[in-house]
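Protein sequence lines, in the order shown, are assigned to chains D and P. Sequential numbering of the first sequence, starting at -10, is according to this note's numbering. Sequential numbering of the second sequence, starting at -18, is according to this note's numbering. Just so you know, even glycine gets a beta-carbon here, dropped at the ideal spot from N, CA and C. Note that the structure is a prediction, hence the values are computed from the model and not measured. Take a look at the structure set out below.
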Amino acid sequence: MAVTKVVMPKLSDAMESGKIIKWLKKEGDRVQGGDILAEVETDKADVEMEAFGGGVLRKILVPAGETAAIGALIGVIAEPGDDIAAVVASAPATPAGAASAAASPPRPAAVTPSAPAAPVARPAAVVGAPAATPAGPGQGAQVGRVKASPLAKKIAAQAGVDLRLIQGSGPGGRIIRRDVEAAGSGAGAVAMPAAAPAAVAGAEFEDVPLTQIRAAIARRMPLSKAPVPHFYVTSEVAMDRAWELREQLNALDGQPKISVNDFVIRACALALLTHPGVNASLQADAIRVYHRAHIGIAVALDDGLITPVLRDCHAKPLGQIAVEARDLVERARNRKLRAQELSGATFSISNLGMFDVAEFSAIINPPEGAILAVGSVRRVPVVDETGLGVGRRMMLTISCDHRVMDGAMGARFLQDVKRLLEEPLRLLV
Amino acid sequence: MATHKFDVAVVGTGPGGYVSAIRCAQLGLSVATVEDDRPGGVCLNWGCIPTKALLRNAEVVNLMSHAADFGIRLNGFEASYPEAVQRSRRVADRMAKGVEFLFRKNKITLFPGRGTLKAKNVVEVKGPGGAETLEARAIILATGSEPKSLPGVTIDEKTVISSNGAVRNERSPKSIAVVGAGAVGVEFADVFASYGVQVTILEALPRIVPVEDEEVSKELARTFTRRGITIKTGVKVASVKPGGPGAVVDLGGEKLEVEQVLMAVGRAAKVAGLGLEGLGIQLERGFVKASATMETSVKGIYAIGDMAGAPLLAHKAMAEGVVAAEAIAGKSPRPVDYGNVPSCTYCRPQIASIGSTEARAREAGRDVSVGRFPFTASGKAVALGETEGFVKVVADKGTGEILGVHIIGPEATEMIHEFAVGRTLEATLEEIIHTIHAHPTLSEAALEATLAALGQAIHI
Chain D
-10 MAVTKVVMPK LSDAMESGKI IKWLKKEGDR VQGGDILAEV ETDKADVEME
40 AFGGGVLRKI LVPAGETAAI GALIGVIAEP GDDIAAVVAS APATPAGAAS
90 AAASPPRPAA VTPSAPAAPV ARPAAVVGAP AATPAGPGQG AQVGRVKASP
140 LAKKIAAQAG VDLRLIQGSG PGGRIIRRDV EAAGSGAGAV AMPAAAPAAV
190 AGAEFEDVPL TQIRAAIARR MPLSKAPVPH FYVTSEVAMD RAWELREQLN
240 ALDGQPKISV NDFVIRACAL ALLTHPGVNA SLQADAIRVY HRAHIGIAVA
290 LDDGLITPVL RDCHAKPLGQ IAVEARDLVE RARNRKLRAQ ELSGATFSIS
340 NLGMFDVAEF SAIINPPEGA ILAVGSVRRV PVVDETGLGV GRRMMLTISC
390 DHRVMDGAMG ARFLQDVKRL LEEPLRLLV
Chain P
-18 MATHKFDVAV VGTGPGGYVS AIRCAQLGLS VATVEDDRPG GVCLNWGCIP
32 TKALLRNAEV VNLMSHAADF GIRLNGFEAS YPEAVQRSRR VADRMAKGVE
82 FLFRKNKITL FPGRGTLKAK NVVEVKGPGG AETLEARAII LATGSEPKSL
132 PGVTIDEKTV ISSNGAVRNE RSPKSIAVVG AGAVGVEFAD VFASYGVQVT
182 ILEALPRIVP VEDEEVSKEL ARTFTRRGIT IKTGVKVASV KPGGPGAVVD
232 LGGEKLEVEQ VLMAVGRAAK VAGLGLEGLG IQLERGFVKA SATMETSVKG
282 IYAIGDMAGA PLLAHKAMAE GVVAAEAIAG KSPRPVDYGN VPSCTYCRPQ
332 IASIGSTEAR AREAGRDVSV GRFPFTASGK AVALGETEGF VKVVADKGTG
382 EILGVHIIGP EATEMIHEFA VGRTLEATLE EIIHTIHAHP TLSEAALEAT
432 LAALGQAIHI
């Protein structure tokens, strides 16, 4: 039976270290892969940490209350007879605080002028099979040297990928080309939920082979704006009828309160199904088109931003979306999200309406292919056939990954979202 | 009928089969092998090894014909083709005995006879001493391949021969048409031409060695033509009929009269009578479908080597044999990297390549930089008097990734491994140029071609 190193997982892009809140297993407990070992406090949320291998939790190296750098050895799972002395000896003497010294280089994808619009809390870009690979994530960083092939180093440098954030799948955990490419495109970074909702059937996604022209676009676009070439499409939506409908719905007794954002989520979910090209993600040599709409909802926190994922929005009625979104947002603010709620979005929505923002553009959250930026519903003068009047208008701006889709695709999607919001009864059927 | 129990039964003992058997034994498994010919398969007995012996003879003959270039005057010499074939048989015998020795050393039991799958874990062996039954936890199929022909052309191994006949025939014809200009075709063309046979190569595609880089095809065609070999490309063989000195090859109008015809148009998996259908083992385009760990569609039954599909190369079979053995032993082997299998042709000048040709790299949309270095500019090659050919390196312009390397020239087949290792380690052009290459060596041409891809070649 293999000895499994338990290392501090990387639970968000910006995470450098994590604090053990408490161990849920004690030394000597038998654990299986998937068991919750401990609760970890990160810069973003309190997250449950799973075991990647089975056996007995032989050793806890970082006790509750202490902090460890990502990738640092914090425990060892092995069979009772296995010799773990060498593994334990390989742990750094002082795991705590080691990470704070190691400054993380800027991540281009996570930086935006309109800061709150950039969702940054995402799971580690860990690829490969953690349980089978002796080297944990960030193992190279621990010993001060990243084991990576020359080609992997070059591609990482060109794509702006930080090799310390990648787990290698080569011999001895060496980072090779495919690891960098997977991290760059986000393949493997998306952890699917443990159990898919029973109501949804069919394939999770399909991989459509890249055409020559698409391959060429995919290759060239990053050179102009590394690593994700954005383009933006903006549209104004007449929200009068949606506003009216919302007031009627919210006047009903015993029904959940519905926000404008819930309307937008529902409209996007329906439109994503009819425009799967927008619900897509660039892979190494394919475009992954999702058949389900898992929508990331950007939630502003006092000290940053987090994007919990509302799964299978296309299969949920408006009321359910309202209830679940509210729950997600509340738990996000209280930092009580589960790890799987932080990953797996196929599309994201960032709404700054509450800040009286007319319009803005958001930065795509790789590996997703697009993000919708939602402005305030404003009362503005409008001219119609009866003359000058007052109407409620809302600006929507979609940011699209040009490697995955073109302007017309984004525009058609946005047109559909607009139509759904302007004829909001469609959101109820 | 006796029943024997083993952990693993390997059907076929070619390079795939015997390597997998030995690797299984190393991993502590009990192994039975089944062989209806001699251990070593086509490779050792009728393919790779004896043809290399014949090609070495061809090389010696060529060298002697050019003795005057070295100031050595011979008063004529006699090159006996039958003795060349006899020598190649001695070489093959010795290597086949080597496999038998390795089986004994690793305590592998050899069951002579034909193996047939009777059930998921049962192989029946029909041998000279009657039938025996092998029961095994896992079965590795490694029965290899056999020469194909063209529709309407029957191989009789007398007038119309395959590589099987060509390595056995002690008589060399006066003239021969070689149909198919892949590795087998051009190697035999070289051997026959060196022994004074009038050789005509017939290839349906627009160029000889069509899977190689276009520049390599051109260079080989140039040297072959200079050596008196006739090359006809883009021709289709409509029929081969008895007539003239032996056979008349109809090229759809033009007729070619030759003493013998060698069919070298490819090989087909040897799967007939193996019992695959009974167990529902899936095929794909005539080859057995296997997973990354070489397991067929039936659990516990593995297929490796030629029968498991392209490329039909002994070294690919050996690599697959190791993967299958380790998978059976419960390890998690690294799958074979089919994008990094060197391809070698042992005619003179030799050809070796790995990765993509320039054309394929461009088709794949890569922005490539190409470096070339001719052996005429290599001191070692000039000293050897072997200045034909070149090294060509195809790399990604942006990253320096080595996309493909194509060598035609002296010892090309030995030089390719520098790039094979480099590609396995994901080295880029830079790592190659920062590796000091000894002087004077042929491998300096590899360094120079790499430098050339970066626009930094020194010696050209």
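Using the C-alpha atoms, what's the distance from residue 258 (chain D) back to residue 77 (chain D)? 48 Å
Do residue 340 (chain D) and residue 250 (chain D) have their CB atoms nearer than 8 Å? yes
With distances taken Cα to Cα, identify the nearest neighbour of residue 382 (chain D) among D:406, D:397 and D:366. D:366
With residue 270 (chain D) and residue 358 (chain D) assumed to form a contact (beta carbons below 8 Å), what rounded beta-carbon distance in angstroms separates them? 5 Å
Same chain only: Cβ atoms within 6 Å of residue 89 (chain D), ignoring 5 sequence neighbours per side: At residue 89 (chain D) the pLDDT is 37, less than 50, meaning the model places this residue with poor confidence; the figure from the coordinates comes in the next sentence. Answer for residue 89 (chain D): no residue qualifies.
C-beta neighbour in chain D for residue -10 (chain P), strict 8 Å: no
Between residue 171 (chain P) and the rest of its own chain, which residues show a CB-CB distance below 7 Å, the 5 nearest in sequence each way excluded? 36, 39, 328 and 329
Determine, for residue 406 (chain P), whether the minimum Cβ-Cβ distance to residues of chain D falls below 8 Å. yes
Using DSSP's beta-bridge definition, name the partner residues of residue 194 (chain D). D:279
Roughly how many angstroms separate the alpha carbons of residue 111 (chain D) and residue 333 (chain D), rounded to a whole number? Note that residue 111 (chain D) has pLDDT 39, beneath the 50 cutoff, so the model's placement of it is unreliable and no number is given.
Classify residue 241 (chain D) as buried or exposed, calling it buried when 16 or more other Cβ atoms lie within 10 Å of its own Cβ. exposed
Contact residues within the region 135 to 155 of chain D, judged by C-beta distance below 8 Å to chain P: 138, 139, 140, 141, 143, 144 and 147
Per-residue burial, residue 62 (chain P) [other beta carbons within 10 Å of its own, 16 or more giving buried]: buried
Please state the DSSP three-state secondary structure of residue 21 (chain P). coil
Within 8 Å, do at least three Cβ pairs link the region 221 to 228 of chain D to the region 373 to 392 of chain D? yes
Would a check of beta-carbon distances place residue 392 (chain D) closer than 8 Å to chain P? no
Host beta strand (DSSP E) of residue 117 (chain P) (start-end): 111 to 122
On the three-state DSSP scale, how would you describe residue 328 (chain P)? coil
Taking the straight line between their C-alpha atoms, what separation do you get for residue 458 (chain P) and residue 249 (chain P)? Since the first residue shown for chain P is -18 and the last is 441, residue 458 (chain P) is missing from the structure and cannot be characterised.
Outcome for residue 54 (chain D) when other beta-carbon atoms lying within 10 angstroms are tallied against a minimum of 16: exposed
For residue 62 (chain D), which of D:70, D:164 and D:40 has the nearest alpha-carbon? D:40
For the putative contact between residue 25 (chain P) and residue 80 (chain P), defined by C-beta atoms under 8 Å, what is the C-beta separation to the nearest angstrom? 7 Å
Alpha carbons only, please: which of D:145, D:328, D:372 and D:387 is nearest the one belonging to residue -1 (chain D)? D:328
Give the C-beta separation of residue 383 (chain P) and residue 374 (chain P) to the nearest angstrom, bearing in mind that I take them to be a contact with Cβ-Cβ under 8 Å. 7 Å
When we look at the beta-carbon of residue 47 (chain D) and count the other beta-carbons within 10 Å, is it buried (16 or more) or exposed? buried
Do residue 199 (chain D) and residue 275 (chain D) have their C-beta atoms within less than 8 Å of each other? yes
If we count Cβ pairs, one from each stretch, closer than 8 Å, do we get three or more for the region 134 to 142 of chain P versus the region 243 to 258 of chain P? yes
Answer with yes or no whether the minimum CB distance from residue 336 (chain P) to chain D is below 8 Å. no
Following the continuous beta strand (DSSP E) through residue 283 (chain P), name the residue where it begins and the one where it ends. 282 to 284
According to DSSP, simplified to helix, strand and coil, what is residue -5 (chain D)? strand
Express the C-alpha separation of residue 143 (chain D) and residue 186 (chain D) in angstroms, rounding to a whole number. Confidence is the limiting factor: at residue 186 (chain D) the pLDDT is only 42, short of 50, which leaves the residue's position unreliable and the question unanswerable from this model.
Residue 69 (chain P) by DSSP, collapsed to three states: which one? helix
Return helix, strand or coil for residue 413 (chain D), following the three-state DSSP convention. helix
Looking at the unbroken alpha helix (DSSP H) that takes in residue 237 (chain D), where does it start and where does it end? 229 to 239
Using a Cβ-Cβ cut-off of 6 Å (strictly less than) and excluding sequence neighbours within five positions of residue 400 (chain D), which residues of its own chain qualify? 222
Taking only beta-carbon atoms, is residue 9 (chain P) less than 8 Å away from chain D? no
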